[in-house]
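The block underneath contains the structure these notes are about, expressed in structure tokens.
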Amino acid sequence: MKDEDRLQALIARARDESPPRVDVAGRVIATLAAERDRLERLSDRPLMWLAAFSSAVAVPIVVLAIVVYNTWAGPLFEISQAIAWVTQ
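Going by my numbering, the first residue of the sequence shown is number 8, and it counts up by one from there.
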């Protein structure tokens with residue numbers, strides 16, 4: 008019983024004790040902002056290079072597609088006109 012009373016007294020003292028005042032909000036916010044900026048810079052750079060590479064590859068492919076379309080559109084149109092009597 009004596010140990011239990013002692014424990015209750017310690018609990019009461021702990022409840023009465025106030026925590027020390029420490030203001031860390033400014034440091035925490037600064038650390039989080041710096042980390043966020045660092046992550047944004049790191050995550051955007053590979054995507055930027057990927058977009059540049061994709062654009063550089065896409066331009067010649069589009070030009071090639073236009074050339075192929077213009078080359079093949081004429082004969083395909085002639086074939087479709089030759090068999091147009093079937094659809095009438």
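The beta carbon of each residue, even a glycine, is placed where N, CA and C say it ideally should be.
None of these values were measured; they are calculated from a predicted model.
In the three-state reduction of the DSSP assignment, residue 55 falls in the helix class. Within the stretch 21-94, the complete alpha helix (DSSP H) segments at least 4 residues long are 32-89 and 91-94, listed from N- to C-terminus. Take the alpha-carbon of residue 55 and the one of residue 61: they are about 10 Å apart.
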